[in-house]
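>
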Amino acid sequence: LSQLPRWSVRPDGSIVIATGNDDALGVYTCTPYNSYGTAGESQPTRVLLKDPPAFTVRPKEEYFQEVGRELVIPCAARGDPPPTITWLKVGSAGKSGAQVDGNSSLIFRPLVKEQHGVWECTATNQVASVSTATSVHVLGTSPHAVTNVSVLPLLLAANISWEPGFDGGYFQRFSVWYTPLVKHPPWAHHDWVSLSVPVGAQHLLVENLQPDMSYQFSVLAQNKLGSGPFSQIVTSVPRGFPVTTVPPEPPAMTVRVFLSPPQALTANETVRGVLLQWEPPAQFSVALSGYALELRQDKGGWEVLDRSIPSTKTQVLVPGLIKDAFYEFRLVAFAGSYISDPSNTVNVSTAGMEVYPSRTQLPELLPQPVLAGVIGGICFLSVAVIFSTMAACIMNRRRAARMQKRRQGRSRLAGR
Numbered sequence: 387l388s389q390l391p392r393w394s395v396r397p398d399g400s401i402v403i404a405t406g407n408d409d410a411l412g413v414y415t416c417t418p419y420n421s422y423g424t425a426g427e428s429q430p431t432r433v434l435l436k437d438p439p440a441f442t443v444r445p446k447e448e449y450f451q452e453v454g455r456e457l458v459i460p461c462a463a464r465g466d467p468p469p470t471i472t473w474l475k476v477g478s479a480g481k482s483g484a485q486v487d488g489n490s491s492l493i494f495r496p497l498v499k500e501q502h503g504v505w506e507c508t509a510t511n512q513v514a515s516v517s518t519a520t521s522v523h524v525l526g527t528s529p530h531a532v533t534n535v536s537v538l539p540l541l542l543a544a545n546i547s548w549e550p551g552f553d554g555g556y557f558q559r560f561s562v563w564y565t566p567l568v569k570h571p572p573w574a575h576h577d578w579v580s581l582s583v584p585v586g587a588q589h590l591l592v593e594n595l596q597p598d599m600s601y602q603f604s605v606l607a608q609n610k611l612g613s614g615p616f617s618q619i620v621t622s623v624p625r626g627f628p629v630t631t632v633p634p635e636p637p638a639m640t641v642r643v644f645l646s647p648p649q650a651l652t653a654n655e656t657v658r659g660v661l662l663q664w665e666p667p668a669q670f671s672v673a674l675s676g677y678a679l680e681l682r683q684d685k686g687g688w689e690v691l692d693r694s695i696p697s698t699k700t701q702v703l704v705p706g707l708i709k710d711a712f713y714e715f716r717l718v719a720f721a722g723s724y725i726s727d728p729s730n731t732v733n734v735s736t737a738g739m740e741v742y743p744s745r746t747q748l749p750e751l752l753p754q755p756v757l758a759g760v761i762g763g764i765c766f767l768s769v770a771v772i773f774s775t776m777a778a779c780i781m782n783r784r785r786a787a788r789m790q791k792r793r794q795g796r797s798r799l800a801g802r
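Note that our numbering numbers the sequence shown so that position 320 is 706, with each residue one more than the last.
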């Protein structure tokens, strides 16, 4: 073996051939032995060289075809032994009505809306398995459902954002639908209210909501052929106004607000957690009210982590991340009831890190006013305990002095 490069023997007697070539072909036997000798060699085994699959024809990255038409996507591979070709739609259990011909090509006859998406061609033999993917865009259909719907609760309002689905080959518009959740409604059915979304926008501010009441939100996409399916329903509770006896003054005039998103969001890992830093929005026509931090874990839905970050801050520490997880963070700025688009997204992976405790969820960040109130209460209790102890000591000393005077008076009477 010393004359053969990249050949070695393991402690258990197995032989390792790091690079297979013609030198590895042949018949092999293994002979175990110890200080007493050997019982003989093993049965012979033959080593053959086989080729893993390799694609000879790959599908294009994207295909665009009208609904109802025929679409053929080729895919071929070679190997020893010859590989088997299979097709699968990513995220779907079946072929969704597609067929595979004798040349291993994927055939859509006819092409339907449900076949839109990513398809994967896999070549497999006894040696290995390789895959390649292509995207099928079905034109001439109603829009697909939007994804990643998130709701940011605000004062008597909520900001709804989403990611558009495929438009079906036509211009699409969106509308936001919402309805209150009543625990004991007088009737079983309740109406949904719809609001049109401005052209090109992927978020909408829903105002004039009731405080401390749950609302359901959903987003609907439409093009000239009709409506797509509703998105998943998201439930949220808007915040109420603080208690005050002076109503806020109405604005003297309508002002068009320009509020760009926060800039240059970055994430740095520290021993205490992840430090997020950013720069304020480049454009805003009114004073900033603050920021809201959103996150999602392992490509899940967006959730609001902290909605009360002061406008003067440009960094925040996020402790208590779950170990061996993948996080995404983004930031939005708001001025009164106006809210910006999300900032750039930063990714944080805690895989293999020992500095983060294993927790089931992120802890709530304690606001500074609450923290100040807790510290003030502790100090007040400490001072009260000290004064009570001093008063008790003074009273005990006075009581002892009175008793001493009484004893001295009795002694004098007894001497007379």
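Where a beta carbon is used, it is the ideal one built from N, C-alpha and C, also for glycine.
Would you call the segment 648–657 and the segment 490–506 in contact, with 3 or more CB pairs under 8 Å?
Short answer: they don't touch.
> What are the boundary residues of the beta strand (DSSP E) that H530 is part of?
Locating residue 530 in the sequence shown gives position 144, counting from the first residue. Segment: none, H530 is in no beta strand (DSSP E) and carries neither H nor E.
> Could you tell me the distance, in whole angstroms, from the CA atom of R793 to the CA atom of R784?
Along the sequence shown, one-based indexing puts residue 793 at 407. Along the sequence shown, one-based indexing puts residue 784 at 398. Between R793 and R784, the C-alpha separation is close to 15 Å.
> Considering only C-alpha positions, which residue in the set S491, A778, A721 and Q683 is nearest to E456?
Counting from one through the sequence shown, the residue named residue 456 turns up at place 70. Looking at the Cα atoms, S491 is the closest of the given residues.
> So who's on the other strand from Q701, going by DSSP bridges?
Indexing the sequence shown from 1 puts residue 701 at position 315. The partner list for Q701 (beta bridge, DSSP) reads Q663.
> Since S617 and W664 should fall inside the 8 Å C-beta cutoff, what is the C-beta to C-beta distance between them, to a whole number of angstroms?
For the purposes of this step, residue 617 is identified with residue 231 of the sequence shown, where counting begins at 1. For the purposes of this step, residue 664 is identified with residue 278 of the sequence shown, where counting begins at 1. The Cβ separation is near 29 Å, so there is no contact.
> Rounded C-beta distance between G555 and A607? I'm assuming under 8 Å.
Position 169 of the sequence shown, counted from the first residue, corresponds to residue 555. Position 221 of the sequence shown, counted from the first residue, corresponds to residue 607. With a Cβ gap of about 13 Å, G555 and A607 do not count as contacting.
> Would W563 and S582 be called neighbours here (beta carbons separated by less than 8 Å)?
Position 177 of the sequence shown holds residue 563. Position 196 of the sequence shown holds residue 582. No, the pair does not count as a contact, with Cβ atoms beyond the cut-off.
> Keeping to the same chain, check which residues put their C-beta closer than 6 Å to that of V537; ignore five residues upstream and five downstream.
Translated into positions along the sequence shown, residue 537 becomes position 151. Taken in chain order, the residues that qualify are A544, I546, F603, V620 and S622.
> Under 8 Å, with one C-beta from each stretch per pair, do the segment 517–532 and the segment 439–447 reach the 3-pair mark?
yes
> Which class does F557 belong to by DSSP, given the choice of helix, strand or coil?
Taking the sequence shown and counting its residues from 1, one reaches residue 557 at position 171. Of the three classes helix, strand and coil, the one that applies to F557 here is coil, per DSSP.
> Would L674 and S694 be called neighbours here (beta carbons separated by less than 8 Å)?
Stepping through the sequence shown from its first residue, residue 674 is reached at position 288. Stepping through the sequence shown from its first residue, residue 694 is reached at position 308. It is not a contact, given that the beta carbons lie outside the stated cut-off.
> Take the Cβ of Y422 as the centre, count every other Cβ of all protein chains shown within 10 Å, and call the residue buried at 16 or more, exposed below.
Locating residue 422 in the sequence shown gives position 36, counting from the first residue. Its Cβ having fewer than 16 others within 10 Å, Y422 is exposed.
> For the beta strand (DSSP E) that contains T405, what are its first and last residues?
If you number the sequence shown from 1, residue 405 lands on position 19. Run containing T405: none; DSSP gives neither H nor E here.
> With a 10 Å radius around its C-beta and 16 neighbouring C-beta atoms as the bar for buried, classify T527 as buried or exposed.
For this step, residue 527 is matched to residue 141 along the sequence shown. Per the 10 Å Cβ criterion, buried.
> Tell me, please, which residues DSSP counts as bridged to S521.
Taking the sequence shown and counting its residues from 1, the one referred to as residue 521 is at position 135. Paired residues: E448 and V504.
> Please list, in chain order, all residues of the same chain as N511 whose beta carbon is under 6 Å from its beta carbon, the five residues on each side excluded.
As a first step, residue 511 is located in the sequence shown; it is residue number 125 there, counting from the start. In chain order, P439, G465, P467 and P469 place their CB closer than 6 Å to the CB of N511, counting only its own chain and leaving out the 5 sequence neighbours on each side.
> When burial is assigned at 16 or more other CB atoms within 10 Å of the CB, is R392 buried or exposed?
In the sequence shown, counting from the first residue as 1, residue 392 sits at position 6. Label assigned to R392: exposed.
> Could you check which residue in T472, D727 and P418 has the C-alpha nearest to that of N489?
The residue given as residue 489 occupies position 103 in the sequence shown. Residue T472 is the option with its Cα nearest to N489.
> Measuring CB to CB, does G687 end up less than 8 Å from F720?
For the purposes of this step, residue 687 is identified with residue 301 of the sequence shown, where counting begins at 1. For the purposes of this step, residue 720 is identified with residue 334 of the sequence shown, where counting begins at 1. No. Outside cutoff.
> Leaving out five residues before and five after A531 in sequence, what residues of the same chain have Cβ atoms less than 6 Å from its Cβ?
Residue mapping note: residue 531 aligns to position 145 of the sequence shown, counting from 1. The residues are G551, G614, P615 and S617.
> In terms of residues, what are the limits of the beta strand (DSSP E) holding I546?
Translated into the one-based positions of the sequence shown, residue 546 becomes position 160. From DSSP, the beta strand (DSSP E) with I546 extends over A543 to E549.
> Can you tell me the Cβ-Cβ gap for L691 and E680, rounded? I've got them flagged as a contact below 8 Å.
On the sequence shown, position 305 is the one that residue 691 refers to. On the sequence shown, position 294 is the one that residue 680 refers to. So it is a contact: roughly 6 Å between Cβ atoms.
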